[in-house]
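End of the sequence shown = 218 in the numbering used here, gap-free, step of one.
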Amino acid sequence: MKSVAKIAEEIVAREGGFVNDPDDPGGATKFGVTIHTARALGLDLDADGDVDAQDVRRITPKMAREIFVKTYFYKPRINLLPAPLQATVFDMYVNSGSNAVKILQRLLRDMGQDVAVDGMIGPLTAKASFAALAQAPDHFVDAYGIARRNYYYRLADRRAASRKFARTRNGGKGGWIKRAEEFISARYHLSAAQHAERVAAWG
Numbered sequence: 016m017k018s019v020a021k022i023a024e025e026i027v028a029r030e031g032g033f034v035n036d037p038d039d040p041g042g043a044t045k046f047g048v049t050i051h052t053a054r055a056l057g058l059d060l061d062a063d064g065d066v067d068a069q070d071v072r073r074i075t076p077k078m079a080r081e082i083f084v085k086t087y088f089y090k091p092r093i094n095l096l097p098a099p100l101q102a103t104v105f106d107m108y109v110n111s112g113s114n115a116v117k118i119l120q121r122l123l124r125d126m127g128q129d130v131a132v133d134g135m136i137g138p139l140t141a142k143a144s145f146a147a148l149a150q151a152p153d154h155f156v157d158a159y160g161i162a163r164r165n166y167y168y169r170l171a172d173r174r175a176a177s178r179k180f181a182r183t184r185n186g187g188k189g190g191w192i193k194r195a196e197e198f199i200s201a202r203y204h205l206s207a208a209q210h211a212e213r214v215a216a217w218g
């Protein structure tokens with residue numbers, strides 16, 4: 016099993032360097048650390064009395080890894096989940112905050128588990144996750160990844176500005192979809208034709 020530190024290292028590599036896309040609600044981001052997170056943590060890295068995009072630019076890979084492990088793994092208690100599930104939920108939490116947990120909780124409810132969809136991991140969500148994994152040991156992690164992929168598609172359905180994150184200019188799979196499928200077994204990846212059919216309504 017990969018260590019938490021290794022997973023965080025892979026997330027930093029996946030996120031890449033500084034971006035400030037006006038269509039991304041996350042705002043200025045570097046290595047996956049958004050300006051919102053920087054402000055919440057008080058990261059005034061240039062010591063000018065505020066936290067802005069210039070501070071985000073100063074974030075290093077080491078700082079990002081430490082933030083992820085502390086703020087996006089242990090603080091939301093992803094460590095309470097079954098080990099096979101931790102990497103994908105951790106990665107999604109970095110990408111989408113508590114929605115990562117809500118996706119899990121909705122999946123658990125679909126599988127008959129009695130949990131609240133509140134975006135928080137407590138004893139009941141943890142227990143239900145272990146039960147669901149035991150119920151479908153060969154499919155549960157894939158099911159979460161598929162639910163995550165569907166979440167991205169639905170975001171783009173609702174918000175046209177987000178479609179470029181789910182579909183490339185030539186119509187292929189965008190970064191969001193590729194990212195989700197990194198945590199899904201190859202047999203459940205969408206073909207190019209299936210992806211094209213899914214996004215056809217976007218025009």
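Note that CB positions come from ideal geometry on N, CA and C, so glycine has one too.
Taking residue i as part of the alpha helix (DSSP H), name the residues at either end of that continuous run.
{"i": "Pro-76", "result": "76 to 82"}
{"i": "Tyr-167", "result": "155 to 173"}
{"i": "Met-210", "result": "Looking at the sequence provided, one finds His at residue 210 rather than Met. Here the alpha helix (DSSP H) through His-210 covers 207 to 214."}
{"i": "Thr-29", "result": "For clarity, residue 29 is Arg in the given sequence; the question names Thr instead. Arg-29 -> alpha helix (DSSP H) spans 19 to 30."}
{"i": "Trp-191", "result": "190 to 196"}
{"i": "Ile-50", "result": "50 to 55"}
Buried or exposed for residue i, please, with buried defined as at least 16 other CB atoms from any protein chain shown within 10 angstroms of its CB.
{"i": "Ser-206", "result": "exposed"}
{"i": "Tyr-108", "result": "buried"}
{"i": "Ser-18", "result": "exposed"}
{"i": "Lys-188", "result": "buried"}
{"i": "Asp-106", "result": "buried"}
Rounded to the nearest angstrom, how far is the Cβ of residue i from that of residue j, given a contact under 8 Å?
{"i": "Lys-45", "j": "Ile-74", "result": "5 Å"}
{"i": "Gly-190", "j": "Ala-211", "result": "No, Gly-190 and Ala-211 are not in contact; Cβ-Cβ is about 17 Å, not under 8 Å."}
{"i": "Ala-143", "j": "Gln-128", "result": "4 Å"}
Distance cutoff 7 Å, beta carbons only. Does residue i sit that close to anything in chain B?
{"i": "Phe-180", "result": "Absence of chain B from the displayed structure is noted, only one protein chain being present."}
Report the rounded CA-to-CA distance for residue i versus residue j, giving the unit in angstroms.
{"i": "Ala-28", "j": "Arg-178", "result": "23 Å"}
{"i": "Tyr-168", "j": "Ala-181", "result": "7 Å"}
{"i": "Thr-52", "j": "Ser-111", "result": "12 Å"}
{"i": "Ala-68", "j": "Asn-35", "result": "8 Å"}
{"i": "Lys-90", "j": "Glu-24", "result": "18 Å"}
{"i": "Phe-83", "j": "Gln-150", "result": "30 Å"}
{"i": "Ile-93", "j": "Arg-124", "result": "18 Å"}
Subject >> Runs of alpha helix (DSSP H) wholly within the stretch 72 to 152 (minimum 4 residues, chain order) >> reply: 76 to 82, 98 to 111, 114 to 125, 138 to 150
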